[in-house]
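Enquirer: Residue numbers (the working numbering): 52 to 234.
I'd like to ask you about the structure that follows.
Here you go:
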């Protein structure tokens, strides 16, 4: 695709091309990190619809999609079910242990995993996976530990950008786009 990802280094493209599993944190990645409560204690979050639109093309092209969140939220559970994530776990503070369990079941190794995270709880995974990513608006000490810094802020298309990048690196993005453009 002309112009899109034109500055992508060969090293990043190589890492992204190996991905079989894309895992993401939720707050600060799929959302802007804000949590809104009303007077009756109802929780609200804002998600970017563009992030959700890349799930189906990833899965259709052999990339599993999952989420591991440190918070428990029915709103998040509902959104991830709606998007048909392959798995999502909530209230997980040891994300590395949970991912290790998932990888054993899926028979996938760390090198074949992309992980998007934005805070301290994500650091162990960011340092261990084959392709690590953070949003543009995270902390400098997180940015220095990742392979790729998204051009998007959390909640503003990070997941979509990474999904597109993976598809592009596997030489599938043009095909995915053409499937929609030719309808």
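Built from N, CA and C at the ideal position, the CB exists for glycine as well.
Keep in mind that this is a model prediction, so the values were computed, not measured.
Please give me, in chain order, every unbroken run of the alpha helix (DSSP H) with length at least 4 that falls completely inside the region 53–103.
Expert: You should have 61–68.
Enquirer: Using CA atoms only, rank isn't needed, just tell me which of 167, 119 and 79 is closest to residue 151.
Expert: In the chain shown, counting from the first residue as 1, residue 151 sits at position 100. With distances taken between Cα atoms, residue 151 lies closest to 119.
Enquirer: Nearest to residue 165 by CA position, among 193, 139, 197 and 135, is which residue?
Expert: Walking along the chain shown from the start, residue 165 turns up at place 114. Considering only alpha carbons, the answer is 197.
Enquirer: Work out the CA separation of residue 233 and residue 74 for me, nearest whole Å.
Expert: Here residue 74 refers to the residue found at position 23 of the chain shown. Here residue 233 refers to the residue found at position 182 of the chain shown. Approximately 30 Å, taken between the alpha carbons.
Enquirer: Am I right that residue 97 and residue 181 are in contact with their C-beta atoms under 8 Å? What's the rounded C-beta distance?
Expert: Within the chain shown, numbered from 1, the residue matching residue 97 stands at position 46. Within the chain shown, numbered from 1, the residue matching residue 181 stands at position 130. About 30 Å separates the two Cβ atoms, so there is no contact after all.
Enquirer: Pick out whichever of 117, 101 and 64 has its Cα sitting closest to the Cα of residue 149.
Expert: Mapped onto the chain shown, residue 149 falls at position 98. The shortest Cα separation from residue 149 among 117, 101 and 64 belongs to 117.
Enquirer: What does DSSP give as the partner residues of residue 210 in its beta bridges?
Expert: Within the chain shown, the letter at position 159 stands for residue 210. According to DSSP, residue 210 bridges with nothing at all.
Enquirer: I'd like to confirm the pairing. Which residues does DSSP put opposite residue 193 in its beta bridges?
Expert: As a position in the chain shown, residue 193 is number 142, starting the count at 1. Paired residues: none, contrary to the question.
Enquirer: Comparing C-alpha positions only, which one of 62, 68 and 203 sits nearest to residue 224?
Expert: For the purposes of this step, residue 224 is taken as the residue at position 173 of the chain shown. Looking at the Cα atoms, 68 is the closest of the given residues.
Enquirer: Nearest-angstrom Cα distance between residue 65 and residue 219?
Expert: As a working note, residue 65 is residue 14 in the chain shown. As a working note, residue 219 is residue 168 in the chain shown. So the two alpha carbons sit approximately 11 Å from each other.
Enquirer: Between which two residues does the alpha helix (DSSP H) carrying residue 229 extend?
Expert: Position 178 of the chain shown, counted from the start, is the residue given in the question as residue 229. Segment 224–232, the alpha helix (DSSP H) holding residue 229.
Enquirer: Thinking C-beta only, is residue 79 closer than 8 Å to residue 191?
Expert: Working through the chain shown from its first residue, we reach residue 191 at position 140. Working through the chain shown from its first residue, we reach residue 79 at position 28. Cβ distance not < 8 Å, so residue 191 and residue 79 don't count as in contact.
Enquirer: Would residue 201 pass as a contact of residue 184 if the rule is Cβ separation under 8 Å?
Expert: As a first step, residue 201 must be located in the chain shown, where it is residue number 150. As a first step, residue 184 must be located in the chain shown, where it is residue number 133. Taking 8 Å as the Cβ cut-off, residue 201 and residue 184 qualify as a contacting pair.
Enquirer: May I ask you to list the residues that DSSP assigns as paired with residue 164?
Expert: Taking the first residue of the chain shown as 1, we reach residue 164 at position 113. 72, per the DSSP bridge assignment.
Enquirer: I'd like to check one pair, residue 108 with residue 227: are the Cβ atoms closer than 8 Å?
Expert: Working through the chain shown from its first residue, we reach residue 227 at position 176. Working through the chain shown from its first residue, we reach residue 108 at position 57. In contact: residue 227 and residue 108 (Cβ atoms closer than 8 Å).
Enquirer: How long is the line joining the alpha carbons of residue 144 and residue 172, rounded to whole angstroms?
Expert: Working through the chain shown from its first residue, we reach residue 144 at position 93. Working through the chain shown from its first residue, we reach residue 172 at position 121. Rounded to the nearest angstrom, the two C-alpha atoms are 7 Å apart.
Enquirer: Nearest to residue 114 by alpha carbon, out of 104, 137 and 95?
Expert: Within the chain shown, numbered from 1, the residue matching residue 114 stands at position 63. It is 137.
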